[in-house]
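Before any comments, here is the structure.
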Amino acid sequence: MLASISIWDILDWGGTKWLFLVLALVMPLASLLTWAERRQSAMMQDRLGPNRANIGPIKLKGILHFVADALKMIFKEDFVPANVHKGLFTLAPLLALAPVLIAFCIIPFGPTIYPHVLAHGIATHVDPLALAQNPAAPDFIDSIRLQIFSIDYGLIFYFAVLTLANYGGTIAGWASYNKWALLGGLRSSSQMMSYEVAMGLSLMPIFLAFGTLEPGALVDMQGSNPVNWGLLSWSALPGGALFTIGAFLLFFTAAIAETKRAPFDIPEGEPEIIGYFVEYSGMRWGIFFLAEFIEVVFISAVVATVFFGGWQVPFLDVDGFRFGGELTQVTDIMGHVHNVTVGGSILPLPHLAVVLFQFGAFGLKVVLLCWFQLAVRWTLPRFRADQLMKLGWKLLLPLALANIMITALVKLIFMGA
Amino acid sequence: MSAAHDHHDEAPKTAGPVVLATHTSSAGKTVRSLRVARPEPHDANFLVAAAKGLGITLKHFAKNFFLPMRSKEARAKLGAPESISGNEIETVQYPDEKVTYPERFRGLHRLMLRDDGAVRCVACMCCPTVCPAHCITIIPEESDSKGIEKRPAVFEIDELRCVVCGLCVEACPCDAIRMDTGVHATPVEDRGDAIETKESMLARGIKSVAKQGGEGPTWRTTAPVPPSDKR
Chain A
5 MLASISIWDI LDWGGTKWLF LVLALVMPLA SLLTWAERRQ SAMMQDRLGP NRANIGPIKL
65 KGILHFVADA LKMIFKEDFV PANVHKGLFT LAPLLALAPV LIAFCIIPFG PTIYPHVLAH
125 GIATHVDPLA LAQNPAAPDF IDSIRLQIFS IDYGLIFYFA VLTLANYGGT IAGWASYNKW
185 ALLGGLRSSS QMMSYEVAMG LSLMPIFLAF GTLEPGALVD MQGSNPVNWG LLSWSALPGG
245 ALFTIGAFLL FFTAAIAETK RAPFDIPEGE PEIIGYFVEY SGMRWGIFFL AEFIEVVFIS
305 AVVATVFFGG WQVPFLDVDG FRFGGELTQV TDIMGHVHNV TVGGSILPLP HLAVVLFQFG
365 AFGLKVVLLC WFQLAVRWTL PRFRADQLMK LGWKLLLPLA LANIMITALV KLIFMGA
Chain B
2 MSAAHDHHDE APKTAGPVVL ATHTSSAGKT VRSLRVARPE PHDANFLVAA AKGLGITLKH
62 FAKNFFLPMR SKEARAKLGA PESISGNEIE TVQYPDEKVT YPERFRGLHR LMLRDDGAVR
122 CVACMCCPTV CPAHCITIIP EESDSKGIEK RPAVFEIDEL RCVVCGLCVE ACPCDAIRMD
182 TGVHATPVED RGDAIETKES MLARGIKSVA KQGGEGPTWR TTAPVPPSDK R
């Protein structure tokens with residue numbers, strides 16, 4: 005049994021991919037965001053921001069501040085107030101962090117890699133027709149899918165798991181034995197409940213368009229033509245782009261509210277109650293902070309996957325850049341039908357280059373969306389608690405519901421049931 | 002703020018709430034209260050306002066992000082100030098860049114010297130009397146100079162208590178104490194180190210051009226008039 009495990013099996017194993025995704029991509033990006041947020045907000049306000057942390061002459065515009073911050077938080081006194089519930093107090097930061105890291109399992113963060121094609125020499129192309137006809141051919145076996153879980157209920161899984169992150173805040177507020185922390189925890193719960201509904205419902209038009217909840221399949225179906233990406237996926241229908249762009253705005257708003265950052269930082273409420281982590285210090289507090297930034301990265305990843313074509317690069321197919329071409333249906337030896345674009349003018353690229361392009365494209369999309377979230381956070385003033393509830397229940401929820409109804413109706417009329 | 006900054010930060014003339022009523026207070030004509038019509042939250046168009054706000058902040062971001070990539074000449078053409086960071090950021094990078102203090106900046110005290118190098122102070126006790134923070138300690142002793150009765154044996158100022166008001170300089174009748182060094186109080190590790198002594202303040206001192214000891218030119222053109230109503 006053991007002998008039959010090859011290096012490809014290990015590389016394609018979920019644990020390996022999760023470790024790579026979290027340790028090599030998500031954590032560094034989230035840590036960098038702690039610096040980027042301060043630097044970006046400074047630039048938006050004609051200030052300079054942190055730019056002095058250095059190791060000897062290496063300054064990197066102050067990027068090393070995140071190292072300094074981490075060191076500071078690790079070496080700070082690990083203070084636990086006298087009357088807290090010790091177990092829950094310790095558990096809460098982990099409860100806030102873990103669900104977000106688990107939720108990353110559903111994100112397709114790159115294309116499928118065919119190692120044997122690479123082994124033939126890095127200049128080898130992947131023939132899309134051959135791939136579609138026989139995915140089990142010797143060239144294409146042992147493929148590494150850059151997604152940890154391909155489960156049919158992928159996005160539902162994300163909603164379910166990210167809800168658990170809320171327990172971190174609530175339990176922190178309760179375990180802290182502090183009125184303000186408890187208020188923050190309660191606010192966090194109420195906000196989560198209000199916006200989760202709108203967040204889930206606002207994605208429905210996209211599901212109606214693609215007929216799947218599996219993020220990997222969503223990205224495959226969006227294809228390399230930006231016109232088919234989630235944001236514009238209904239654009240062939242009259243007024244269709246309105247529904248998907250509306251869905252994007254609703255989802256993005258609700259998702260920013262889920263990250264509990266300004267303008268939705270009611271649970272934290274710096275000017276009033278400081279929030280559910282008021283009794284936390286040092287690295288325990290740092291974990292809450294990091295979890296918030298990881299949520300920012302995660303929201304960006306979801307938005308990129310659902311609305312912006314995931315890892316797809318405009319006009320880059322598996323064998324290179326293709327302009328024009330025709331969609332043909334190919335039945336593989338298993339009987340599954342695949343849509344493959346053939347013909348057109350093509351600029352062939354080796355498999356390695358295609359993989360790197362697409363992997364980089366996903367990273368770029370995520371970074372840009374993170375950047376945009378930071379820009380929103382530093383532009384808009386925060387809501388009052390009642391305004392927040394009003395926006396969630398009276399505006400986002402009805403709009404999301406209406407969007408589903410109209411989208412479903414349009415689909416029924418123009419595409420048939 | 003530089004001139005290049007101002008053009009898009011100005012509020013448009015038409016913006017702002019509509020004034021419903023103006024009431025002039027009985028306290029004076031300059032004190033007025035306005036009753037304004039503010040849009041109710043459900044009337045306000047958040048989406049447009051948010052987009053507008055994002056436009057402003059992103060414009061600033063883009064300028065500060067891309068300006069350092071331009072050449073020095075291009076930056077000068079755009080009217081950007083010359084700073085280390087190379088953009089329109091107003092932050093002064095303190096240890097590397099320093100702003101010059103204004104001429105009347107009140108810095109650390111110093112004690113002025115007479116022509117012969119002795120301290121000008123005659124220990125008249127005007128400055129410890131006027132000092133609102135009671136931070137000046139003077140212990141006088143007899144002076145051996147001709148025509149001068151006293152001089153300070155001890156002259157100490159506790160810079161931690163000093164409120165830098167400058168009243169001691171105003172009160173001094175003989176230009177013996179000044180705050181024109183342009184140096185601000187340095188951080189110390191021990192409270193005692195923050196006390197300026199006669200020696201340390203004399204070390205910063207210079208010779209004053211003012212005359213001392215009643216030998217100066219008279220400024221009176223007429224004989225002094227005796228006070229008319231003595232009680």
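Chains as they are written, first to last, in the numbering used here: chain A, 5 to 421; chain B, 2 to 232.
No residue lacks a Cβ here, since even glycine has one placed at the ideal position from N, Cα and C.
The structure presented is a predicted model; accordingly, all values stated were derived computationally and were not measured.
The C-beta distance from A/N55 to A/A251 rounds to 39 Å, too long to meet the 8 Å contact threshold. Annotation: B/E150 is outside any alpha helix (DSSP H) and is labelled neither H nor E by DSSP. Within the stretch 31–44 of chain A, the residues whose Cβ lies closer than 9 Å to any Cβ of chain B are, in chain order, Q44. In this structure, B/D117 is the residue among B/V164, B/D117, B/K64 and B/E150 with its C-alpha nearest to the C-alpha of B/S209. DSSP, reduced to helix, strand and coil, places B/E197 within a strand of the structure shown. Contact annotation, A/S349 with A/G328: C-beta distance approximately 6 Å; criterion of less than 8 Å satisfied.
Contact check for A/A202 and A/A412: beta-carbon distance about 17 Å, past the 8 Å limit, so the pair fails to qualify.
Counting along the chain, the unbroken beta strand (DSSP E) around B/H24 starts and ends at V19 to T25. Residue pairing by DSSP places A/Q49 in no beta bridge whatsoever. For secondary structure counted as the alpha helix (DSSP H) over 4 or more consecutive residues, the stretch 17–102 of chain A holds these complete runs in sequence order: 18–23, 31–48 and 69–79. For A/I298, the enclosing alpha helix (DSSP H) covers residues G286 to F311. Chain B places a beta carbon closer than 8 Å to that of A/M48, counting this residue as a contact. Neighbours of A/A379 in chain B, taken as residues at a C-beta separation under 9 Å, are given in chain order as L55, T58, L59 and F62.
Within chain B, no residue has its beta carbon less than 9 Å from that of A/R265; the closest one is some 15 Å off. Apart from the 5 residues on each side of it in sequence, A/A57 sits with its Cβ closer than 6 Å to the Cβ of G66, L68, H69 and A72 in its chain, given in chain order. Near chain B, meaning a CB-to-CB distance below 8 Å, no residue of the stretch 306–329 of chain A qualifies. Secondary structure at B/E91: coil, using DSSP grouped into helix, strand and coil.
Runs of the beta strand (DSSP E) lying entirely within the stretch 91–138 of chain B and spanning at least 3 residues: none are present. Under the DSSP assignment, A/I350 falls in the beta strand (DSSP E) whose first and last residues are S349 to P352. At a cut-off of 8 Å between beta carbons, B/F66 contacts chain A. Annotation: the continuous alpha helix (DSSP H) that includes A/S193 extends over K183 to S206. Proximity of B/E98 to chain A, defined by a Cβ-Cβ separation below 8 Å, is not satisfied. Distance from the Cα of A/F376 is smallest, within the candidate group A/L168, A/A259, A/M393 and A/V359, for A/A259.
Boundaries of the alpha helix (DSSP H) around A/L122: P119 to A123. For the pair B/R205 and B/R121, the Cα-to-Cα distance works out to about 13 Å. With contacts defined by Cβ atoms closer than 8 Å, A/F163 and A/E200 form a contacting pair. Along the stretch 46–72 of chain A, the positions whose C-beta sits under 9 Å from a C-beta of chain B are A46, M47, M48, Q49, D50, R51, L52, G53, N55 and R56, read in chain order.
A residue is called buried once 16 or more other Cβ atoms fall within 10 Å of its Cβ, and A/H124, having fewer, is exposed. Residue-level contact check: A/W397 does not touch chain B, since none of the beta carbons of chain B fall below 8 Å from its beta carbon.
Note: B/S34 is bridge-paired with B/H24 in the DSSP secondary-structure output.
By the CB criterion at 8 Å, B/G167 and B/R111 fall outside the cutoff.
By a beta-carbon distance limit of 8 Å, A/T167 does not contact A/M208. Their separation comes to about 18 Å. DSSP, reduced to helix, strand and coil, places A/R381 within a helical segment of the structure shown. With fewer than 16 other Cβ atoms from the protein chains shown falling within 10 Å of its own Cβ, A/N87 counts as exposed. Per DSSP, the continuous beta strand (DSSP E) segment holding A/G324 begins and ends at G324 to F327.
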